[in-house]
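Note that the protein sequences, when read in sequence, are chains A and B. Note that my numbering has the first sequence beginning at 703, numbered continuously upward. Note that my numbering has the second sequence beginning at 240, numbered continuously upward.
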Amino acid sequence: MSNRFFGRPKMPQRPPEERIRDFYEVPLGLPEWAAVEEARRCLQCKNPQCVKGCPVEIDIPGFVGLLAQGNFDAAIAKIKEKNSLPAICGRVCPQEDQCEAQCVLGKKGQPIAIGYLERFLADYERDRGIQPPTLPPSRNRKVAVIGSGPAGLTCAGDLAKMGYQVTIFEALHAPGGVLIYGIPEFRLPKSIVAQEVHYVQSLGVEIQVSRVIGKTYTLDDLRDAGYEAFFIGTGAGLPYFLDVPGENLNGIYSANEFLTRSNLMKAYLFPKFDTPIKIGQRVAVIGGGNVAMDSARTALRLGAEEVCLVYRRTKKEMPARVEEVERAEEEGVNCIILTNPVRFVGNDNGWVTGIECIQMELGEPDESGRRRPVPVPGSEFVIPIDTVVVAIGQGPNPLFLESVSGLALNRKGYIVADPETGATSLRGVFAGGDIVTGAATVISAMGAGKKAARAIERFLEAPDSFPQWR
Amino acid sequence: MARILRKESLAPQIKLMVVDAPWVARKARAGQFVVLRITEQGERIPLTIADFDPLSGTVTIIFQEVGKSTMLLGTLEEGDEILDFVGPLGREIEERNFGHVVCVGGGVGIAPTYPKAKALKEKGNRITSIIGARTRTMLFWEDKMREVSDELFVTTDDGSYGEKGFVTQVLERILKSEKVDLVIAVGPVIMMKMVSVITKPHGVPTLVSLNPIMVDGTGMCGCCRVTVGGKCKFTCVDGPVFDGHKVNFDELLVRQRIYLEEEQRALELWIAEKAKEEASRV
């Protein structure tokens, strides 16, 4: 029975003037009645397109149908058959580019709000206490997962569900990877990450924090300790800088540092927490991705009076989710487009006081398909600011990669891996997530972790018939 | 978690701890560091490894109590656990026979000088060491440095022990009278800068071990970036040891001061809190 009286619901969210004063979550989640009504709008297609848009292959019509019937427990169980981290995906997945982009209803009207429904069910389950599933008998074989971000957690969770003994090694002191150090509290509460991590642990996965693979242990050490297969999900962790004069002035952060201080180290609670963060009155964030939006919105909450976003193309080319750009602008972030920094200006004490920028215009499309920005000669001008966050992307962290020989890397230094299995040039070593693709989404990393888990099972059970990749 | 097996006061505000951390001790090499965290609210602080023993699985750290985190660390006793103890991080120094190596350690920098002198001594180098402190009571590990050195010079700023003056004046004298193949200096930034300035005209390769502000210590944040030879380097993954003739020390000095106000505030709050605690106990 499809619902013809309601359109796609709007996500209730806290008003901008209230939310920029704290770090609490912005979207509030759908109320039960709205979630059920929305689920009833689903056409229950025989050949559902939405599932094809989901990197972790959730049975979307299945769970939406159960939700429409009011059977929330069965609905969340349906999601969890494929996805161990629904509370996270329901919040940070770009559904508009994935499942919802494929929804048939979207062709004429508005697609089902699949992400909102997933979040509703995950929150429903969390409020009642998450039950660990019954596990198959242990297979008594050890797999090591390196990195506890979305790829690693997914891979580990899936392998545990198959009965393998899985240990995750995490370099930082808290598990979660980018979910903990990168994505701010107001977009993804850390208590939710902790609970999802706890769920993976309840499947029998052991997590060792503060262990840097490549430094504390090498791959060979782990082999000697009895691990038979490896999944590398170390992420893209090395921040890029602009490489323009004055970039080491005080007051200039990489987005990684800015967000790590605030999120992982909780600098927004200084001095209750010991790690400080410096925020000026006028803050410029350089970049146009989700990380730039997170940085700009964090700066506002830390007390900046004005926050601007400096981006060299136009809003149309911004890689950030439309929803994130909208929220940032609602909160007062000012987008300065077609503008590129050429150098940073500082005072006698070594602190940044301004960014000298040059105006850009769009030229011919580049390899990414977006029109390439080109500088307009003689258009230099200075934006006065006292804090800068450079959010222009990141590269592969070398710590682990340097410690192994024979692991094939591509031109940019990322691991070369079979997109279907995660298999690398080293036998028994699989990889997925940002360390393979470069900075991408949480869900694509999870998809890679999932595929790798299946491949690792095939490798462990029948190593001789497992094909060598490259 | 890493248990403190031994704690020793080396000088006023300078403490030594031997920590049970086999995962670090087994892999550690001279020049590397650890990052540690003491409480759930705590900072991640980097400390250069002062000594390590792969057999007993212990790592020695030496630190000066200058801020809240180091003071808090100083309140831990034998048997207490350090919440996080990560490492070994950074690159090790090249261990080979260079010939005649002069190791210069200033203040608390004597501690990280020791494993370098020891490793290079084992490779057959002739080691001349120069260690210095503000005053006699601040000096430590003279005996340990002597063990790994063919010759040892000691200076104090006030002349209360050894030669009066700075380590740099001894270094200058040696450079004028002998052939030196490598100088390694660890200490305050200004000392490492002066050492590099002095060795440059003599054309003696000079290594310095930098101590900028860090957060993760694994290359993730870029907080510890320094300019070396005009290029941006991350101390935690590219260092901490760099060519002293190429390091922009002035920039490092400025960057070390980023959080002075906050550090001061955290310290004052902590001292006030401790005073209150003690008052309530009385």
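Where is the CB? At the ideal position from N, CA and C, for every residue including glycine.
### Task
Would you mind telling me which residues of chain B sit closer than 7 Å to A/E1198, beta carbon to beta carbon, in chain order?
Summary: the structure shown does not reach residue 1198 of chain A, with chain A confined to residues 703 through 1172, and so no result is reported for it.
### Query
How would you list, in chain order, the residues of chain A whose beta-carbon sits under 8 Å from the beta-carbon of B/E412?
Note that residue 412 of chain B corresponds to Arg in the displayed sequence, not to Glu. What B/R412 touches in chain A, judged by beta-carbon distance under 8 Å, is nothing: the nearest beta carbon there is about 34 Å away.
### Limits of the beta strand (DSSP E) - the one that A/N1036 falls within
Taken as a continuous stretch (DSSP letters only), the beta strand (DSSP E) holding A/N1036 covers 1036 to 1038.
### Query
Can B/L244 and B/I277 be called in contact, C-beta distance under 8 Å?
Going by beta carbons, B/L244 and B/I277 fall outside the 8 Å limit.
### Message
Can you confirm whether the region 296 to 309 of chain B touches the region 337 to 353 of chain B when touching is taken to mean that 3 or more C-beta pairs between the two stretches lie within less than 8 Å?
### Response
Pairwise C-beta distances place the region 337 to 353 of chain B in contact with the region 296 to 309 of chain B, as three or more of them are shorter than 8 Å.
### Message
Against B/L508, what residues of chain A qualify as contacts under a CB-to-CB distance less than 9 Å, listed in chain order?
### Response
Listed along the chain, the chain A residues whose CB falls inside 9 Å of the CB of B/L508 are P973.
### Message
Strictly under 8 Å for the Cβ-Cβ distance: is B/T314 near chain A by that measure?
### Response
For B/T314, no Cβ of chain A is located within less than 8 Å of the residue's own Cβ.
### Message
Between which two residues does the alpha helix (DSSP H) holding B/H339 run?
### Response
Following the DSSP letters along the chain, one finds B/H339 in no alpha helix (DSSP H) but inside the beta strand (DSSP E) bounded by residues 339 to 345.
### Task
Would you verify that the beta carbon of B/D443 is, or is not, closer than 8 Å to some beta carbon of chain A?
The displayed chain sequence assigns Val, not Asp, to residue 443 of chain B. For B/V443, the nearest beta carbon of chain A is not closer than 8 Å to its own beta carbon.
### Task
Please report the residue range of the beta strand (DSSP E) in which A/I909 lies.
It spans 908 to 910 - the beta strand (DSSP E) in which A/I909 sits, taken as one unbroken run.
### Exposure of A/I988, with buried meaning 16 or more beta-carbon neighbours within 10 Å
Burial check for A/I988: the Cβ neighbour count within 10 Å reaches 16 or more, so the residue is buried.
### Task
May I ask you to report which of helix, strand or coil DSSP gives A/G755?
In the structure shown, A/G755 sits in a helix (DSSP, three-state: H, G or I).
#### Entry: Contacts around B/P251, its chain only, beta-carbon distance under 8 Å, and the 5 residues preceding and following it disregarded
The residues are T376, M377.
### Query
Since A/G1135 and A/A1125 are thought to touch, with beta carbons under 8 Å apart, how far apart are those beta carbons, to the nearest angstrom?
Contact flag wrong, Cβ pair sits at about 15 Å.
### Query
For A/P978, which residues in chain B fall below 8 Å Cβ to Cβ?
Simply Y498, E501, E502, A505.
### Query
If you measure from the beta carbon of B/D319 to each beta carbon in chain A, is any gap under 8 Å?
So no, B/D319 is outside the interface.
### Message
For a test of the three-state rule: what should DSSP assign to A/C795, helix, strand or coil?
### Response
In the structure shown, A/C795 sits in coil (DSSP, three-state: anything other than H, G, I, E or B).
### Message
Quick check: what's the CA-CA separation for A/A927 versus B/M433?
### Response
Going by the C-alpha atoms only, they are around 47 Å apart.
### Query
Cβ of A/V946 less than 8 Å from any chain B Cβ?
It does not: the Cβ of A/V946 has no partner Cβ on chain B nearer than 8 Å.
### Task
Indicate the three-state DSSP secondary structure (helix, strand or coil) for A/M703 in the structure shown.
Annotation note: pLDDT 45 at A/M703 (below 50); position unreliable, coordinate value reported separately. Coil, per DSSP.
### Task
Report yes if the CB atom of B/A269 is closer than 8 Å to the CB atom of B/K383, and no otherwise.
No, Cβ-Cβ distance for B/A269 and B/K383 is not below 8 Å.
### Query
Who are the neighbours of A/F943 on chain B, taking C-beta pairs under 9 Å?
Residues of chain B passing the Cβ test: G461, R464, C471.
### Message
Rounded to whole angstroms, what is the Cα-Cα separation between B/G442 and A/C1059?
### Response
So the alpha carbons of these two residues sit roughly 41 Å apart.
### Query
What in chain A is Cβ-close to B/P327, meaning under 7 Å?
What B/P327 touches in chain A: K917.
### Message
Please report whether the beta-carbon of A/T1123 lies at a distance below 8 Å from any beta-carbon of chain B.
### Response
At a cut-off of 8 Å between C-beta atoms, A/T1123 does not count as an interface residue with respect to chain B.
### Query
Would you report the Cα separation of A/K968 and A/F975, rounded to the nearest angstrom?
The alpha-carbon of A/K968 is positioned some 6 Å away from that of A/F975.
#### Entry: chain A contacts from the region 248 to 266 of chain B (Cβ-Cβ distance under 9 Å)
Within the region 248 to 266 of chain B, the qualifying residues are W262, V263, R265, K266.
### Query
Taking only runs of the beta strand (DSSP E) that begin and end inside the region 845 to 883 of chain A, which ones reach a length of at least 3 residues, in chain order?
The region 845 to 883 of chain A contains these whole beta strand (DSSP E) runs: 867 to 871.
### Query
In chain order, what residues of the same chain have a beta carbon less than 8 Å from the beta carbon of A/F972, not counting five sequence neighbours either side?
Closer than 8 Å at the Cβ level, and outside the excluded window around A/F972, lie P978, I979.
### Query
The alpha helix (DSSP H) with B/N364 in it runs from where to where?
From DSSP, B/N364 is part of no alpha helix (DSSP H); its letter is neither H nor E.
#### Entry: Three-state class that DSSP yields for A/L732 in the structure shown
Taken through DSSP and simplified to helix, strand or coil, A/L732 comes out as coil.
### Query
Three or more C-beta pairs closer than 8 Å, one from the region 804 to 818 of chain A and one from the region 859 to 874 of chain A: is that the case here?
Remark: fewer than three beta-carbon pairs, one from each stretch, lie closer than 8 Å, so the region 804 to 818 of chain A and the region 859 to 874 of chain A are not flagged as touching.
### Message
Tell me which residues share the same chain as A/P941 and place their Cβ nearer than 6 Å to its Cβ, disregarding the 5 neighbours each side in the sequence.
### Response
Correct list, in chain order: S956, N958, Q1096.
### Query
Whose Cβ in chain B lies nearer than 8 Å to the Cβ of A/V914?
Close to A/V914, with beta-carbon spacing below 8 Å, are these residues of chain B in chain order: V325, G326, L328, T457.
#### Entry: Three-state class that DSSP yields for B/A267 in the structure shown
Coil.
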